[in-house]
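Shown next, in structure tokens, is the structure this report addresses.
2 protein chains.
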Amino acid sequence: MNIPRTSYPRIVIIGGGFAGIALAKKLSKQEVQVVLLDKHNYHTFQPLLYQVSTGGLEPDSIAYPIRKILKDFPNFFFRLANVEEIDIKKNKVQTNIGKLKFDYLVVASGSTTNYFGNSEIERHSMAMKTIPQSLNLRSLILENFEEALLTSDLNERNALMNFVIVGGGPTGVELAGALAEIKKGILPKDYPDLDTRMAQIHIIQSGNCLLKGMSAKASEKAEVFLEKLGVNIWKNVKVTNYDGRTVTTNSDLTFDTATLVWAAGVKGATIKGLDAQEFVSRGNRILVNEFNQVKGFDHIFAIGDIACMATKESPNGLPMMAQPAMQQGDQLGDNILNLIEEKPMRPFEYTNKGAMATIGRNKAVVDLKRFKFQGVFAWYVWMFVHLFFLIGFRNRMVVFVNWVYNYVRFDREARLIIRPFKNRVED
Amino acid sequence: MNIPRTSYPRIVIIGGGFAGIALAKKLSKQEVQVVLLDKHNYHTFQPLLYQVSTGGLEPDSIAYPIRKILKDFPNFFFRLANVEEIDIKKNKVQTNIGKLKFDYLVVASGSTTNYFGNSEIERHSMAMKTIPQSLNLRSLILENFEEALLTSDLNERNALMNFVIVGGGPTGVELAGALAEIKKGILPKDYPDLDTRMAQIHIIQSGNCLLKGMSAKASEKAEVFLEKLGVNIWKNVKVTNYDGRTVTTNSDLTFDTATLVWAAGVKGATIKGLDAQEFVSRGNRILVNEFNQVKGFDHIFAIGDIACMATKESPNGLPMMAQPAMQQGDQLGDNILNLIEEKPMRPFEYTNKGAMATIGRNKAVVDLKRFKFQGVFAWYVWMFVHLFFLIGFRNRMVVFVNWVYNYVRFDREARLIIRPFKNRVED
């Protein structure tokens with residue numbers, strides 16, 4: 024990779040998610056050279072992916088070009104690259120576009136869907152961690168409705184109109200709510216020939232509550248909201264397999280569905296060279312100390328979802344969410360500068376600003392430190408916070424226009440099969 | 024295809040473009056059954072595809088779900104289907120999802136890129152007739168810049184940063200203008216390491232003027248505008264081949280480029296069963312009489328780009344544009360109803376409302392019947408007309424927000440490689 028060598032130390036960041044971008048921004052005006060590597064040329068605002076999948080938002084408005092975020096900083100370099108291996112002995116990363124030496128390395132590669140080793144589920148189910156994945160899910164949902172119109176086999180139609188979401192975290196809950204609103208608002212208008220009662224939405228949760236990380240009140244209320252929307256909630260049920268048609272569980276319960284969304288877990292997106300057992304915790308995350316340093320190294324760090332930093336409150340590592348990622352990225356910026364200047368580093372302390380999830384129109388749950396509330400006001404707070412954290416004025420405006428429109432018209436106009444998932448046709 | 028038979032006559036429309044939608048709307052409240060078939064579930068506003076390709080607009084805002092356009096009409100059926108053959112003897116269409124009998128058939132299948140039989144150009148060049156194609160071009164342009172950063176081979180870099188557009192019609196002119204603005208406004212900020220002078224934009228035109236169908240004044244002025252933007256215009260040059268790297272022409276002139284956009288011609292998208300020589304004119308269009316009837320049939324029609332209706336002003340058929348398509352669709356609605364009621368049909372008369380093209384910021388050319396003007400005011404007219412004809416309030420709002428943003432900030436934020444064209448990575 025031809026990146027000019029300067030007298031500044033070179034910090035290589037792998038990944039342009041919340042953590043990587045926060046760090047790059049912090050370092051951008053300093054006397055360091057920053058090289059950010061990502062396999063996409065854009066930052067993805069993951070919390071809104073489910074709205075892309077359900078036709079509520081266009082993909083381009085929750086993505087932001089990485090080059091633009093950091094365009095005014097002369098010592099910043101971006102390369103569209105897939106990191107294949109980290110050579111921790113020679114301080115190099117190997118990518119699909121060449122090798123790169125680093126003085127400091129920050130792994131911010133995020134997380135990926137965890138199928139817990141079940142390759143059949145992996146092959147047949149849909150994930151929702153990237154924009155292309157979300158668009159595939161959008162296409163599949165719409166293709167299923169189109170196909171349901173064509174079949175006279177009732178079992179087949181049933182499977183096509185059934186949606187099973189595995190995992191009762193925010194992704195699962197938000198997606199279930201959005202699908203329920205499609206069932207209610209869009210389906211009867213777009214497909215008057217289909218019996219909408221057949222469109223069942225199931226959410227399967229292995230534990231005994233939804234939104235596990237949130238308060239009991241939030242969890243209860245989310246359940247009430249989902250039930251109001253007609254979502255079937257199955258708690259204490261573990262999915263054991265899915266062959267593309269039937270979901271089997273650890274009980275007698277089975278589900279016939281053409282669409283299984285797997286939102287049951289994530290794991291760290293480790294990279295060869297830093298994936299040995301000595302570095303990695305449960306859930307494939309890289310163990311780091313309170314300065315985000317990888318065990319045994321002063322100059323190699325991990326931040327965000329990929330980093331497993333045990334704290335008093337979270338002995339198994341901080342939650343894999345945007346907040347800790349942004350805070351770690353921000354603070355690591357200071358710490359690396361301190362390290363370069365041979366000043367002491369400051370241990371990371373997570374400030375939990377709360378959590379929230381939206382279930383549907385006027386329905387959200389918010390847990391702040393002091394206040395926990397649910398309902399209409401929570402829904403406004405949820406929207407405001409998400410608009411605020413979206414990067415870019417244009418993105419905010421476009422998302423806002425869509426939300427107002429969808430709210431006023433009970434609609435979702437991006438129900439477009441731009442690239443079919445099942446039945447590819449010529450472009 | 025299980026579409027219920029009613030006592031109403033069944034009108035099958037192939038294609039949800041400007042012509043097909045106009046016709047379906049006209050027929051929607053009448054005592055007929057309308058079945059619209061399209062291989063996409065959305066209508067595409069083709070005049071703005073070049074803005075999707077150049078990162079100015081998101082694809083979803085120039086697409087509109089067909090089901091939504093016609094959702095309030097109980098006798099309207101849409102099926103996502105690819106029509107494979109028309110059986111003119113048995114009055115049936117064969118599609119990938121089954122057969123369908125018709126009482127009346129309207130072919131509105133539009134046009135497709137015409138490579139004039141050169142399969143090498145077809146294989147290596149980019150077309151821009153559909154949203155997926157436009158997104159592929161967007162990805163390719165951005166991937167080329169990313170690759171240009173990596174190579175130290177100057178010829179290679181030159182080819183990656185060179186853009187050759189073949190065809191000086193509105194598509195070619197508008198795309199050339201947009202690329203020139205990217206060169207000026209985006210390239211220096213996003214890729215400070217690249218020498219932007221290497222990004223050359225060439226437009227090659229086989230005839231002796233740009234925008235052939237428009238006035239001499241518009242054509243001249245378009246040329247002046249493009250030259251101001253730094254576009255290289257090559258007139259009276261015919262492209263003879265392209266091997267993926269070098270464009271050869273009928274003169275000594277050659278171009279080294281990794282991106283050839285083929286906007287040199289379109290032809291009718293004929294369908295098996297109606298593609299015999301007796302039905303088809305030059306340019307693969309189906310010959311129709313003044314009632315849009317296909318030769319030899321009372322009940323089979325063609326409208327829009329696919330139809331070749333010779334008139335006094337246009338002996339070789341009306342121009343392949345949105346205006347004639349919409350007018351024909353609209354009037355055929357009346358004529359089919361007349362036919363059913365055994366009333367006389369009214370011959371189609373084309374009302375030419377004018378033509379326009381935009382070249383860039385504050386630069387457009389407009390030919391109306393009485394007024395021809397160019398420049399800033401023309402640019403506002405162009406924008407207003409395009410916003411007006413876009414289907415859907417949400418689409419208009421989102422496009423408007425993007426245009427205002429792009430204008431004020433000299434920016435194009437949808438420069439996202441959502442699905443790479445060259446180097447596919449895992450989703």
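Protein sequences appear in the order of chains A and B.
Be aware that the first sequence starts at 24, since it is given in my numbering, and climbs by one per residue.
Be aware that the second sequence starts at 24, since it is given in my numbering, and climbs by one per residue.
Cβ atoms here follow ideal geometry from the backbone N, Cα and C, with glycine treated the same way.
Using alpha carbons as the reference points, say which of the options lies closest to residue i.
i        : options                                   : result
Ala201/A : Gly306/A, Lys49/A and Leu71/A             : Leu71/A
Asp390/A : Lys94/A, Glu204/A and Ser242/A            : Ser242/A
Tyr373/B : Asn358/B, Gln354/B and Gly230/B           : Gln354/B
Gln117/A : Asp126/A, Glu107/A and Phe125/A           : Glu107/A
Arg417/B : Phe416/A, Glu436/A and Val404/A           : Glu436/A
Ala401/B : Phe411/B, Ile382/B and Ile414/B           : Ile382/B
Ser142/B : Glu81/B, Val129/B and Asn264/B            : Asn264/B
Thr67/A  : Gly78/A, Pro82/A and Leu59/A              : Pro82/A
Gly43/A  : Ala348/A, Arg432/A, Ala245/A and Leu439/A : Ala348/A
Glu333/A : Gln346/A, Gly352/A and Ser304/A           : In the sequence as displayed, the identity of residue 333/A is Ala instead of Glu. Comparing Cα positions, the closest option is Ser304/A.
Val421/B : Met24/A, Gly79/A, Gly230/A and Leu46/A    : Gly79/A
Leu165/B : Asn425/B, Ile205/B, Glu145/B and Ser132/B : Ile205/B
Thr136/B : Met406/B, Ala86/B and Thr293/B            : Thr293/B
Ile224/A : Tyr138/A, Ile256/A, Asp218/A and Glu246/A : Ile256/A
Asn119/A : Asn385/A, Leu103/A, Asn185/A and Lys113/A : Leu103/A
Ala299/A : Ala287/A, Val317/A and Glu313/A           : Val317/A
Quick check: the Cα distance between residue i and residue j, rounded to an integer number of angstroms?
i        : j        : result
Asn273/A : Val260/A : 7 Å
Val388/A : Phe371/B : 60 Å
Phe324/B : Gly236/B : 26 Å
Gln69/B  : Lys52/A  : 43 Å
Asp176/A : Ala182/A : 10 Å
Leu172/A : Lys152/A : 30 Å
Phe394/A : Leu297/A : 41 Å
Phe101/B : Gln56/B  : 11 Å
Cys331/B : Tyr127/B : 19 Å
Asn361/B : Pro367/B : 6 Å
Arg161/B : Ser30/B  : 48 Å
Tyr221/B : Phe407/B : Sequence inspection shows Met at residue 221/B; the Tyr mentioned does not correspond to that position. The straight-line gap from Cα to Cα measures roughly 35 Å.
Met24/A  : Gly415/A : 30 Å
Leu439/B : Ala380/A : 28 Å
Glu54/B  : Ile359/B : 11 Å
According to DSSP, is residue i helix, strand or coil?
i        : result
Ala47/B  : helix
His147/B : helix
Met343/A : coil
Pro88/B  : strand
Gln300/A : coil
Val260/A : coil
Gln228/B : coil
Phe251/A : The displayed chain sequence assigns Lys, not Phe, to residue 251/A. Three-state DSSP puts Lys251/A in a helix.
Ser455/B : Nothing about residue 455/B can be reported from this structure: the residues present for chain B run from 24 to 450 only.
Gln69/B  : helix
Lys366/B : coil
Gln223/A : coil
Tyr265/B : strand
Lys290/A : strand
Phe423/B : helix
Gln74/B  : helix
Mind checking whether residue i and residue j have CB atoms under 8 Å apart?
i        : j        : result
Val254/B : Ser148/B : no
Phe278/B : Val196/B : no
Ile89/B  : Tyr65/B  : yes
Gly133/B : Asp357/B : no
Pro155/A : Arg28/B  : no
Lys94/B  : Asp213/A : yes
Strictly by DSSP, which residues pair up with residue i?
i        : result
His322/B : In DSSP, His322/B forms no bridge with anything.
Ala387/A : Thr381/A and Gly398/A
Lys124/B : Lys115/B
Thr194/B : Looking at the DSSP assignment, Thr194/B forms no beta bridge with any residue, so it has no partner.
Ala330/B : Ile309/B
Lys295/A : Glu108/A
Phe371/B : Answer is none; Phe371/B lacks a bridge partner.
Leu103/B : Asp61/B
Starting from the beta carbon of residue i, find every residue of chain E whose beta carbon is closer than 8 Å, and list them in chain order.
i        : result
Ile120/A : Judged by its chain identifiers, the structure shown contains no chain E, and its protein chains are A and B.
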